[in-house]
């Protein structure tokens, strides 16, 4: 379906909803992906949500609910009767079901668990034991799994019996009596081989696995690096517990990028799963205000530094002209350095032994950038500044353009070299003491570099201009 | 293989390389993923690269070269003889081959194309016609494709004959005589159905396709949203041209996130495919200096504003204390707003009709954050400031703590409300005039808000304190 067709279908769904036409609604919903219905549902008011859920019923909503933001799961399930809830939970895949139940209240969780078949309940409880952001918490247990002693015919029969409940059969995992992961076969190896071929003859070694307790980010990075469709999740004894599928890996990659970006802008706390416009304003306020107020306190220190150089500024008012620039340029280069280093850490590019190389590289870059900007500003002081009529002799107090340009350039070089080095050092230091590198990036560095920038600028001017 | 085992294998490869032991090298390389070998290769010197490529040969390097950064493709291919180059290009999948040939010099491209079989040459040339960042430029044409009139047996025979050349068979696409995409079947539907079942009886409609000329980001967002393993790429007539695979989608998602993050920090230009530490310092310099110098020029305007309020600062030196804070807080909230909006635009969450809602939301947030910080600073002025011995009566010039606190608080509320609104408005405005929203984010907003912050702060103080 093309994008325009999809837009038309969504429009048709909205019209059917406004007309309260249940039949048209079901017909259009058939053609849409559950993710599209979920997005629409988020934007509806109470009464429209009720009408949509009762018109589309449990079959459609068992696919829609896993696509909804965490905060809407319980209220949506509660629109259905107990029998319907049981049907929805039964239709949901085990990993989605465990995710959903982790997002509802304790009371609801117990109630929903009691609605499950004993087998499903056991699997769900075991998945819920892993943290939501671990490989175990993300895996599905509904996978293709055959015994190492089987031949192709036995394997196909085994898989045929479970195929309805299985998310993907592209890779089929081979286990022994103990459930230890022995290797994998592709479905095509079964489809295109003779029925008496033994699994051991066509199976391949599985080169990559992840522990159930590992961070989900480790799993998604591995899948992205090695182009993996499925990543087997194992315990310490290498028993096969489940797999992480490629679609979960994509979701994790997007979540982690968004989290990094937000932290770099001083937005704290867990990222909301709701889309931006549906996130409550107060929730946004709570995520943004703590850093804002802490950084403001730090900025008062900059102000204090400024008050200490009051006499210098009175003696040489032209120094005002360059002060915001020296400070901001440090914040910018420090922020750039921090961004490059944080992203390289996130992508797993900076090993434990390359810290020194990173620092050397950024110090060199800071020096080069300082030289470039310093020269630019020196040129500004000797060429442009004399042509500007608004700055008269009273601002200069006898200091020449060359002297001023020299002092400004030196201050810039010192400020940019230290700020860039600090921008690289802070994320690395944060990681060493097990803090999140993204947290200490841009805004925090900008605040620190504000302070150092004032000190560097005024001290340099004082010393070089003999004031 | 666990992480520790992999680290051991990589260490073993390094040792074999240092010992110049070709046999050991080949043996260890067998166990490693080409992506790991590529990462190691990047870090080697000229002589080591030569030894590694000659020891591992064309079979291994046909997998390693597509994993290398763009800038290393040609020099690596040139380590091999013409016959070996031909062998490497023959072994590479068509999409990887087209990508590789787009990254080499014109002369080399013509030479490599002439080494290909006529069929491969035609496919490669047709793939290279699409831009590197379009769906067409990313797709593979080596897909499972069956005719709509076939039955299961015929389909399996068709696929058996092409399976060696096909990246994935998880989804098999059904076409008619004209090559129009009619639907899809899963390999499991072939494997588990009777041989005389007609394809038309088991095929499903393909709900999502992408035009070959569409941006790669559109394709990856669709695949992520709808959990798609393969996305069919079609032309305007809905003829099936190829597919984008899940691993390409993951790569695109990572590239686009990195690009966004870098742009938000004022790092311009195309992102390098080389890992951070291997990117040349001068390349980094070129990407960081343009914004740095432009923003510094803008910061001189802040300095000019400051010089205009020189008399005010002399009359009331305590105003220095709060100036960096008012300015920085505006930069922080403006940056936060820009980040949230840029990310929401990237994730496709902000439609054309929701601009007003975004602005209303951010203006409200700016006001709330302004009230919170304004109150905090008012409290600071009336409670903490009187207790600080370093600020004597000469700094206050007869102004009371309450009056000062009130003026500072009002300035903060005005600054944060306008800065937050500007932070949301700028990316939306940039998109409306077809500029990249990420470019105008944090650093640019910080520079603008610096200027407005000075004006707001000093004008408010002047007016309210009657100076």
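Residue numbers (our numbering), protein chains in the order written: chain A, 1 to 467; chain B, 1 to 467.
By construction, the Cβ of each residue, glycine as well, lies at the ideal position given by its N, Cα and C atoms.
Asked                                                                                                                                : Found
Cβ pair residue 79(A), residue 89(A) closer than 7 Å                                                                                 : no
Selection of the segment 100-122 of chain B by Cβ proximity to chain A, strictly under 7 Å                                           : none
Cα-Cα separation between residue 208(B) and residue 233(B), rounded to whole angstroms                                               : 9 Å
Among 62(A), 191(A), 123(A), nearest to residue 155(A) - alpha-carbon criterion                                                      : 191(A)
Members of the segment 253-267 of chain B that neighbour chain A once the beta carbon cut-off is set at 8 Å                          : 253, 254, 257, 258, 260, 261, 262, 264, 265, 266, 267
7 Å Cβ cutoff, residue 344(B) in contact with chain A                                                                                : yes
Chain-order list of residues whose beta-carbon lies under 7 Å from that of residue 215(A) (same chain, five-residue window excluded) : 133, 134
Bridge partners - residue 242(B), DSSP secondary structure assignment                                                                : 233(B)
Beta-carbon proximity list for residue 453(B), same chain, < 6 Å, skipping 5 on both sides                                           : 326, 327, 330, 415
Selection from 59(B), 140(B), 286(B), 153(B) that minimises the alpha carbon distance to residue 196(B)                              : 153(B)
Where the segment 160-188 of chain A meets chain B: residues whose CB sits under 7 Å from a CB there                                 : 160, 163, 169, 170, 187, 188
Closer than 7 Å to chain B by CB, residue 299(A)                                                                                     : yes
Coil, strand or helix - residue 377(A) by DSSP                                                                                       : helix
For residue 129(B), the three-state DSSP class (helix, strand or coil)                                                               : coil
Own chain residues within Cβ distance below 7 Å of residue 475(B), not counting five before or after                                 : Residue 475(B) is absent from the structure shown; chain B starts at 1 and stops at 467.
Complete beta strand (DSSP E) runs within the segment 169-210 of chain B (minimum length 3 residues, chain order)                    : 181-186
Proximity test, Cβ basis, 7 Å: residue 227(B) and chain A                                                                            : yes
Residue span of the alpha helix (DSSP H) that contains residue 137(A), given as start and end                                        : 135-138
Beta carbon proximity, residue 40(B) to chain A, threshold 7 Å                                                                       : no
DSSP beta-bridge partners of residue 146(A)                                                                                          : 174(A)
Inter-residue spacing [alpha-carbon to alpha-carbon] between residue 450(B) and residue 383(B)                                       : 28 Å
is_contact[residue 1(B), chain A] using C-beta, thresh 7 Å                                                                           : Confidence in residue 1(B) is poor, its pLDDT being 48 and thus under 50, which makes the residue's placement unreliable; the coordinate value appears in the next sentence. Taking Cβ atoms only, chain A reaches closer than 7 Å to residue 1(B), which makes this a yes.
Test: residue 288(B) CB closer than 7 Å to a CB of chain A                                                                           : yes
beta-carbon residue 236(B) near the ligand COA non-hydrogen atom, thresh 6 Å                                                         : Inclusion of the ligand COA in the displayed structure is not the case, the ligand content being empty and no account of it being possible.
In DSSP terms, what residue 215(B) is bridged to                                                                                     : 134(B)
Contacting residues, own chain, Cβ-Cβ under 8 Å from residue 465(B) (five flanking each side not counted)                            : 316, 399, 403, 404, 407
Inter-residue Cα distance where the pair is residue 8(B) and residue 350(A)                                                          : 18 Å
Whole-angstrom C-beta distance between residue 99(B) and residue 66(B), which should lie under 8 Å                                   : 7 Å
Residue from 182(B), 52(B), 294(B) with nearest C-alpha to residue 24(B)                                                             : 52(B)
Terminal residues of the alpha helix (DSSP H) in which residue 163(A) lies                                                           : It is not in any alpha helix (DSSP H) - residue 163(A) carries neither H nor E in the DSSP assignment.
Entirely enclosed alpha helix (DSSP H) segments - the segment 295-342 of chain A, minimum 4 residues                                 : 310-315
For residue 391(A), the nearest candidate out of 422(B), 429(B), 306(B) (CA to CA)                                                   : 306(B)
Assigned secondary structure, residue 151(B) (DSSP; H/G/I helix, E/B strand, else coil)                                              : strand
Helix, strand or coil at residue 19(B) [DSSP, three-state]                                                                           : coil
Reduced DSSP category for residue 44(B) - H, G, I as helix; E, B as strand; rest coil                                                : coil
Inter-residue Cα distance where the pair is residue 394(B) and residue 459(B)                                                        : 21 Å
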